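Residue numbers (the numbering used here): 6 to 438. Glycine included, each C-beta is placed from N, C-alpha and C at the ideal position. For clarity, every value in this text was computed on a predicted model and none was experimentally measured. Have a look at the structure below, then the notes.
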Ligand code: 4AD
Ligand code: MG
């Protein structure tokens with residue numbers, strides 16, 4: 006239906022006939038001259054109809070079209086210094102494809118501000134704003150780069166079931182569903198399945214996936230449906246091997262996003278490219294750094310949101326970095342499958358970015374006896390994990406992996422809240438649209 010997007014109209018096309026499709030962004034009537042601004046995915050273009058030069062019927066069509074209607078314009082490209090991008094279309098034909106009701110539920114021009122709920126309730130229209138669309142163009146590029154990079158590095162894309170029989174990260178955060186006559190759950194992570202893949206010999210796998218988490222959080226960094234890059238790799242010496250893959254992947258993703266010049270300029274944002282290797286600090290030294298700032302965290306406890314935020318500031322101040330690993334967490338604070346380093350410490354890590362956790366990972370236990378003992382220790386029933394434990398009894402290599410939150414990475418990249426970077430966020434209050 007179209008020959009060009011608005012952004013492809015350049016002075017090289019002067020006097021040529023083009024076909025454009027899009028939405029009526031604005032309309033102006035100066036009597037003898039009538040203007041339309043047509044908006045499409047790539048930008049805006051002015052359509053100018055002059056009395057005398059255009060037949061009267063078309064002038065009437067322009068008068069009758071409501072804002073946000075969908076139109077097709079056939080017209081000639083003309084240079085015009087006064088037009089927003091120095092170019093305009095003189096229409097030969099305007100077809101009203103589908104008209105929009107008015108008043109509009111949301112002002113697409115952004116002149117009338119709307120609160121987050123109104124915006125999310127009308128997300129289809131919110132996404133017509135170039136600023137909002139830019140977020141999702143960057144999101145797409147970020148995920149594509151992750152896939153492409155991991156493919157280049159020999160990782161095989163897997164697909165784990167999203168309907169599962171038992172918890173993978175501990176029991177509390179599951180959404181139960183009815184599965185014919187049985188109880189089942191939405192998967193909170195591909196954790197057990199990607200580990201089972203390590204017993205297949207495919208060695209290096211990943212998945213871009215959804216986590217369902219029945220967490221009752223109501224914050225700017227938590228959702229109940231999360232997107233992530235989840236990865237597992239075999240034949241590792243220790244968690245350092247996994248961290249090296251993660252840091253390169255994240256740097257590649259950030260680099261790709263920082264190249265989205267058009268979108269970043271629409272958003273008025275700047276992205277700093279991190280340098281490798283990413284700074285590593287242990288959990289113990291993180292606690293020391295926080296104590297220096299009068300933030301006390303008892304050894305063994307998770308670093309809370311306030312602590313995470315403060316740590317982000319300290320890392321910037323002391324080490325001049327926005328991104329950092331926190332390593333060697335207490336064994337107690339990590340899931341049952343995490344490899345112990347000694348009696349108290351685990352071979353685990355988190356990746357922090359501007360004060361928010363964007364990834365967690367570890368080396369895993371590959372010895373079935375130790376694994377069963379850890380399941381028992383966490384008061385979980387080994388019988389529920391039989392399908393998983395079985396894979397460890399017939400030749401399981403040492404392995405490890407991580408989950409990288411895409412929503413978290415993107416929100417931190419663009420300094421937005423998590424709801425802003427998800428098309429249709431699911432939180433405690435929101436189930437539609
Ligand atoms: O830290 P999490 O829970 O770790 C796991 O799922 C492990 N199976 C990973 C592994 O391989 N060991 O989740 C991984 C990441 C978090 O760091 C965060 O970025 C994101 O997923 N995430 C959430 N993002 C937004 N809202 C939530 N409720 C999230 N839960 C996890
Ligand atoms: Mg975590």
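- Distances from the alpha-carbon of residue 152 to those of 7, 234, 316, 274 put 234 closest.
- When rounded, the separation of the alpha-carbon atoms in residue 79 and residue 28 is 14 Å.
- Of the other Cβ atoms in all chains shown, fewer than 16 fall within 10 Å of the Cβ of residue 156; this residue is therefore exposed.
- Annotation: the continuous alpha helix (DSSP H) that includes residue 317 extends over 310-324.
- Taking a cut-off of 7 Å from the heavy atoms of the ligand MG, the residues with a C-beta inside it are 355, 362, 365.
- Non-local C-beta neighbours of residue 9 in its own chain, meaning closer than 8 Å and more than five positions away in sequence, comprise 18, 23, 24, 25, ordered along the chain.
- Between residue 130 and residue 96, the C-beta spacing is not below 8 Å.
- Between residue 373 and residue 327, the gap from beta carbon to beta carbon reaches 8 Å or more.
- DSSP lists 329 as the beta-bridge partner residues of residue 284.
- Taking a cut-off of 8 Å on C-beta distances, the region 368-384 touches the region 336-351, as three or more cross pairs fall below it.
- Taking C-alpha positions only, residue 108 is separated from residue 71 by approximately 10 Å.
- Excluding sequence positions up to five before and after residue 324, its CB lies within less than 7 Å of the CB of 284, all in the same chain and listed in chain order.
- Within the same chain, Cβ atoms closer than 6 Å to the Cβ of residue 105 are found at 71, 73, 74, the five residues on either side in sequence being excluded.
- Taking a 10 Å sphere around the C-beta of residue 422, we find fewer than 16 other C-beta atoms and assign the residue as exposed.
- At least one heavy atom of the ligand 4AD falls within 7 Å of the beta-carbon of residue 408.
- For residue 260, same chain residues with a beta-carbon under 7 Å away, outside a window of 5 residues either side, are 278 in chain order.
- Here residue 196 carries a helix assignment [DSSP, helix/strand/coil].
- Beta-bridge partners of residue 39 (DSSP): 34, 54.
- Between residue 419 and residue 140, the beta carbon gap of about 6 Å places them in contact (Cβ cut-off 8 Å).
- Here residue 12 is not near residue 143, since their CB atoms are 8 Å or more apart.
- Annotation for residue 111: 119, 123, 124, 127, 130, 131 place their beta carbon closer than 7 Å to its own, counting only its chain and skipping 5 residues before and after.
- With a cut-off of 7 Å, the C-beta of residue 351 is classified as distant from the ligand 4AD, since no heavy atom of the ligand falls inside that distance.
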